[in-house]
Structures are given as C-alpha cells and as structure tokens.
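A.B. asks: So that we are looking at the same thing, I have put the structure below in structure tokens.
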Amino acid sequence: MTASFNPDEYKSFQVFLEKACGIVLGENKHYLVSSRLTRLMRDQHIASLQDLVKKLESPGSQKLRIQVIEAMTTNETLWFRDTYPFEVLSQTILTEFKNEKKSNVRIWSAACSSGQEPYSISMITDEFSQQNPFAPKVEIVATDISQAILAEAQSGKYDALALARGLSEERKRRYFSSIGNQSQVNANIRARVTFREGNLLQSYAALGRFDVIFCRNVLIYFSAESKKDIISRMAKALNPRGYLMLGASESIAQYSDAFEMVRASTGVVYRLKH
C-alpha cells in the first residue's frame with residue numbers, strides 16, 4: 212500500500228475511524244494512514260484501503276477493528292507534560308481539598324496512553340503527601356482505547372529513552388527500580404493507579420464520579436460535535452466543583468458553559484460551576 216489511495220477509499224476510511232473511536236482524520240493525512248497501516252495490511256494480505264474498509268465493516272471483524280484502531284491511535288506522551296498541570300494539581304487543587312479536610316479524591320486520566328500521565332499524577336500525589344501529613348487519599352483511574360497500550364502501561368516498565376523524556380534525575384532515583392535493561396515504576400506509585408479500557412465516545416457511568424479529570428491534548432482529534440458531547444458527559448462525571456484539566460492549547464469556551472476558568476499561579480484549569 213502507498214499513500215496514493217483514491218479520494219473515495221480515503222473518505223470511507225475517515226468515516227470508519229470517526230465512527231469507531233472519534234478520531235477525525237484531516238484531508239492531508241494520507242501519509243499517516245499509510246505509515247501506520249502498511250505492515251498490518253501486508254500481514255493480513257489486504258491489497259488496498261478499500262478492501263480494508265470492506266473487511267472492517269463485515270461480520271467477525273472485531274479483532275481487525277481493534278488492530279486498526281490501535282495502529283491509528285496516537286500514543287506519543289511524556290512525563291509531567293507541560294509541567295504546569297501538575298503544579299496546579301499540587302499547589303491549588305490538592306491544597307484546596309486538604310484544607311477542606313476531604314478524605315478521598317478520585318482522579319481520571321483519560322486517554323492515558325502508555326501510563327506516563329497517571330504515574331506522574333501519582334508521583335505528585337506522593338510528594339504532596341510527604342509534605343502534608345493530613346493530605347487526602349488519592350485514587351487514579353486511567354483509561355485508553357488501546358488494549359495493547361494499556362497492558363504496557365500497567366506493567367510500569369520503561370526503557371532509558373522513555374525515562375529521559377520529562378523525568379528529573381531525582382524522580383528517577385526515587386520512583387523507579389531497575390529490572391534488567393528497563394526501569395519499573397515503584398509499587399507504591401503503581402498501586403494508586405487502576406487501568407481500564409475506555410472509549411471517550413461511550414458511557415462513563417461504570418467509572419464512577421471524579422473530583423479531577425485530566426483530558427489533555429485529546430480533544431484535538433475529535434469533531435466539534437464529539438467534543439461538545441465528551442465535555443458534557445465529563446461534566447456529569449465530576450463531583451460538584453470538580454476540576455477539568457485540558458491541554459495548553461485547548462479551550463472549552465465554545466463547547467460548554469458548565470465550567471468556569473480558574474487562573475492558578477502556574478496555569479489555567481476549569482472548575483464545574485455547580
């Protein structure tokens with residue numbers, strides 16, 4: 212397969228991908244589809260993108276659907292991405308909850324990829340607890356659409372290249388143990404995180420209610436209609452006055468009026484109005 216598929220078959224694949232997982236492919240992403248699906252199509256003896264879509268829409272295609280979605284899902288991530296959300300969590304949100312004498316806090320890391328975000332949240336929680344004896348107990352639920360990436364995240368094992376992206380030497384020493392040629396997140400940090408498969412276009416009811424939701428650098432892949440739906444349902448999944456953390460370039464102003472913007476010393480976070 213090359214990047215030169217015809218407009219009709221590319222359009223068919225765009226429609227499939229948005230229906231399956233909400234990702235909206237731009238008109239100029241032929242190279243991305245080609246680079247991510249070439250090997251899979253070769254292994255499955257599928258000659259064209261048109262043939263792939265036909266197979267995906269036929270009965271008994273669940274395994275292939277999962278493989279295609281996993282191949283097309285962006286799993287690029289790093290530790291303490293953008294820094295400020297984790298500072299806001301520690302300096303503003305957890306501090307507020309401690310002052311309110313809140314005993315338990317639930318945090319959702321949506322589209323958690325290979326685990327760097329939820330483990331970063333767990334490390335921040337650990338550091339906060341060390342400095343604040345009466346800090347609330349924190350439970351972190353991390354979800355992703357990809358079964359394969361969730362298995363990788365749950366293991367908590369990373370190579371040297373992955374560890375080099377955003378981790379200080381101090382945190383490497385404090386929170387990781389060497390396992391062969393990899394490093395594994397320490398058990399006390401992993402114990403705070405539960406990984407679950409989840410599609411942001413489907414119901415969140417089984418996840419329960421949260422005090423904080425991290426949904427960072429995710430909404431950019433969805434259509435305006437899907438963004439509005441996701442934010443609306445996240446608002447319902449939050450406890451009163453709960454917080455929503457988005458990516459640095461993301462805003463919910465045109466998609467929801469359920470939140471107020473809170474300017475913390477290190478960045479912006481959204482808080483449920485009621």
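In the working numbering, the protein residues as written are 212 to 485.
Don't be surprised by glycine CBs; every beta carbon is placed ideally from N, CA and C.
Given the structure is predicted, the values throughout are model-derived calculations rather than measurements.
With 16 other CB atoms within 10 Å as the buried threshold, where does Ser451 fall?
C.D. replies: In the sequence as displayed, the identity of residue 451 is Pro instead of Ser. Counting Cβ neighbours within 10 Å, Pro451 comes out exposed, since fewer than 16 surround it.
A.B. asks: Using only the alpha-carbon positions, how far apart do Met212 and Ser246 sit?
C.D. replies: With a pLDDT of only 43 at Met212, under the threshold of 50, the placement of this residue in the model should not be trusted, and no figure is reported.
A.B. asks: When the Cα atoms are used, what is the spatial distance from Lys484 to Glu471?
C.D. replies: Cα to Cα, Lys484 sits roughly 6 Å from Glu471.
A.B. asks: Whole angstroms is fine: what's the gap from Val235's alpha carbon to Ser379's?
C.D. replies: Going from the Cα of Val235 to the Cα of Ser379 covers about 35 Å.
A.B. asks: I need the DSSP call for Cys232, collapsed to helix, strand or coil.
C.D. replies: Note: Cys232 maps to helix in three-state DSSP.
A.B. asks: Which class does Phe224 belong to by DSSP, given the choice of helix, strand or coil?
C.D. replies: Of the three classes helix, strand and coil, the one that applies to Phe224 here is helix, per DSSP.
A.B. asks: So which of Arg482, Leu260, Ala417 has the shortest CA-CA distance to Ile442?
C.D. replies: That would be Arg482, whose Cα lies nearest to the Cα of Ile442.
A.B. asks: Check this for me: beta carbons of Phe425 and Met456, under 8 Å apart or not?
C.D. replies: Yes, they are a contact pair.
A.B. asks: Whole angstroms are fine: how far does the CA of Glu220 sit from the CA of Ala258?
C.D. replies: Those two C-alpha atoms are separated by around 12 Å.
A.B. asks: Specify, as a first and last residue, the run of the alpha helix (DSSP H) that Asn399 falls within.
C.D. replies: Counting along the chain, the alpha helix (DSSP H) containing Asn399 begins and ends at 398-401.
A.B. asks: Please give the ranges of any beta strand (DSSP E) in the segment 275-339, keeping only runs that are unbroken, at least 3 residues long and fully inside the region.
C.D. replies: Those beta strand (DSSP E) runs which fall completely within the segment 275-339 and span 3+ residues are 315-321.
A.B. asks: Are Ala353 and Ala364 touching if we call contact CB-CB under 8 Å?
C.D. replies: Yes, the pair counts as a contact, with Cβ atoms nearer than the cut-off.
A.B. asks: Do the segment 474-481 and the segment 299-309 touch if we need at least three Cβ pairs shorter than 8 Å?
C.D. replies: Yes, they touch.
A.B. asks: Nearest to Pro218 by alpha carbon, out of Asp293, Ala398, Asn239?
C.D. replies: Considering only alpha carbons, the answer is Asn239.
A.B. asks: What does DSSP give as the partner residue(s) for Gln465 in the beta ladder?
C.D. replies: Gln465 pairs with nothing; no bridge assigned.
A.B. asks: Does DSSP classify Thr477 as helix, strand or coil?
C.D. replies: It is coil, neither helix nor strand.
A.B. asks: Using DSSP bridges, identify the partner residues of Glu471.
C.D. replies: For Glu471, which the question treats as bridged, DSSP gives the partners Arg482.
A.B. asks: Does DSSP put Ala417 in a helix, a strand or coil?
C.D. replies: The answer is helix: DSSP assigns Ala417 an H, G or I state.
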